[in-house]
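Colleague:
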Amino acid sequence: AQSVTQLGSHVSVSEGALVLLRCNYSSSVPPYLFWYVQYPNQGLQLLLKYTSAATLVKGINGFEAEFKKSETSFHLTKPSAHMSDAAEYFCAVKIYGQNFVFGPGTRLSVLP
Amino acid sequence: GAGVSQTPSNKVTEKGKYVELRCDPISGHTALYWYRQSLGQGPEFLIYFQGTGAADDSGLPNDRFFAVRPEGSVSTLKIQRTERGDSAVYLCASSLTGASNNYEQYFGPGTRLTVT
Numbered sequence: 053a054q055s056v057t058q059l060g061s062h063v064s065v066s067e068g069a070l071v072l073l074r075c076n077y078s079s080s081v082p083p084y085l086f087w088y089v090q091y092p093n094q095g096l097q098l099l100l101k102y103t104s105a106a107t108l109v110k111g112i113n114g115f116e117a118e119f120k121k122s123e124t125s126f127h128l129t130k131p132s133a134h135m136s137d138a139a140e141y142f143c144a145v146k147i148y149g150q151n152f153v154f155g156p157g158t159r160l161s162v163l164p
Numbered sequence: 002g003a004g005v006s007q008t009p010s011n012k013v014t015e016k017g018k019y020v021e022l023r024c025d026p027i028s029g030h031t032a033l034y035w036y037r038q039s040l041g042q043g044p045e046f047l048i049y050f051q052g053t054g055a056a057d058d059s060g061l062p063n064d065r066f067f068a069v070r071p072e073g074s075v076s077t078l079k080i081q082r083t084e085r086g087d088s089a090v091y092l093c094a095s096s097l098t099g100a101s102n103n104y105e106q107y108f109g110p111g112t113r114l115t116v117t
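See the structure below:
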């Protein structure tokens with residue numbers, strides 16, 4: 053069965069600094085990979101997804117992620133953090149015929 | 002257009018009571034998912050509907066949990082004999098048919114269930 057790990061339950065960056073949120077997955081077959089953002093008291097919003105096309109995926113709000121098969125990783129980055137990026141971020145994996153599996157999440161704080 | 006809606010937004014109930022949580026998916030979305038999110042954790046899969054039928058209910062924790070989607074649109078998650086451990090946010094998501102849209106899900110705001 054597939055699984056997802058997110059290194060760092062809480063990440064703090066200064067406004068304008070690089071954002072790097074880590075996601076590693078385990079899967080025996082090529083996966084679909086997703087990043088979702090969750091603002092307080094709201095549902096999850098899709099940031100971006102990898103679906104076996106380009107390995108570098110661009111999403112909303114300036115975020116992007118790169119699929120690295122050799123490292124089984126799908127890390128999320130943004131060149132310059134904004135205060136409005138403070139939220140909880142979840143990585144998820146989906147394999148055909150199996151359920152979605154979400155990681156435990158990383159809370160991003162942006163310091164002024 | 003309208004997104005996924007869930008009612009109620011908050012539900013407080015006593016241990017042992019029965020509760021129903023409702024999900025209205027995006028119109029035209031044939032796939033519907035229920036998840037449970039405990040504090041500080043990611044969503045945990047409960048059940049997946051394709052149309053009216055439950056295609057996968059392997060995530061339901063026990064037989065106190067049941068979900069229906071009788072007309073292939075609105076879904077209701079039912080919990081019998083609630084326990085304090087059932088307290089969580091219950092999320093609903095919908096999508097166009099499975100793989101055809103690369104499994105892109107749209108989430109509702111959730112129902113926060115508190116069992117006292």
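From first to last, the protein sequence lines are chains Z and B. Using our numbering, the letters of the first sequence map in sequence onto residues 53 to 164. Using our numbering, the letters of the second sequence map in sequence onto residues 2 to 117. Even for Gly, the Cβ is constructed at its ideal location relative to N, Cα and C.
1. For a quick check, are the C-beta atoms of K110 of chain Z and V71 of chain Z less than 8 Å apart?
2. Are L128 of chain Z and L163 of chain Z closer than 8 Å when you measure CB to CB?
3. From which residue to which residue does the beta strand (DSSP E) around H62 of chain Z run?
4. Which of helix, strand or coil does DSSP assign to E45 of chain B?
5. Identify whether G155 of chain Z lies in helix, strand or coil by the three-state DSSP scheme.
6. DSSP has Q28 of chain Z in a bridge; who is on the other side?
7. Inspect the CB distances between the segment 61 to 74 of chain B and the segment 112 to 125 of chain Z and report whether three or more fall short of 8 Å.
8. Put K120 of chain Z into one of helix, strand or coil per three-state DSSP.
9. Does L98 of chain Z get closer than 8 Å to chain B when you measure Cβ to Cβ?
10. Mind checking who G159 of chain B pairs with in its DSSP beta bridge?
11. Looking only at its chain, what residues have a beta carbon closer than 7 Å to the beta carbon of V153 of chain Z, apart from the 5 residues adjacent to it on each side?
12. Ends of the beta strand (DSSP E) at H127 of chain Z?
13. Excluding the 5 residues flanking P110 of chain B on each side, which residues of the same chain have their C-beta closer than 7 Å to its C-beta?
14. Using a Cβ cut-off of 8 Å (strictly closer), state whether G60 of chain Z contacts chain B.
15. So is T112 of chain B buried or exposed if we call it buried at 16+ other beta carbons inside 10 Å?
16. Out of B:C24, B:L22, B:G4 and B:W35, point me to the one whose CA is closest to N151 of chain Z's CA.
17. Assuming F66 of chain B is part of the beta strand (DSSP E), what are its boundary residues?
18. Given a threshold of 16 other Cβ atoms within 10 Å of its Cβ, counted over all protein chains shown, does L59 of chain Z qualify as buried or as exposed?
19. Is any non-hydrogen atom of the ligand MN found closer than 7 Å to the C-beta of Y91 of chain B, if you look at the structure I gave you?
Modeller: Judging by the given coordinates:
1. no
2. Cβ distance not < 8 Å, so L128 of chain Z and L163 of chain Z don't count as in contact.
3. H62 to S66
4. strand
5. coil
6. Residue 28 of chain Z falls outside the range modelled here, since chain Z spans only 53 to 164, and no answer is possible.
7. Between the segment 61 to 74 of chain B and the segment 112 to 125 of chain Z, the count of Cβ pairs shorter than 8 Å is below three; the stretches do not touch.
8. strand
9. Yes, L98 of chain Z counts as interfacial toward chain B.
10. Look at the range of chain B in this structure, 2 to 117, and you will see that residue 159 of chain B is not part of it.
11. Q54, S55, V56, A144 and V145
12. S125 to K130
13. Q7 and S10
14. no
15. buried
16. B:W35
17. F66 to V69
18. By the neighbour-count rule (16 or more Cβ atoms within 10 Å), L59 of chain Z is not buried but exposed.
19. With respect to small molecules bound, the structure shown includes none, and the ligand MN cannot be examined in it.
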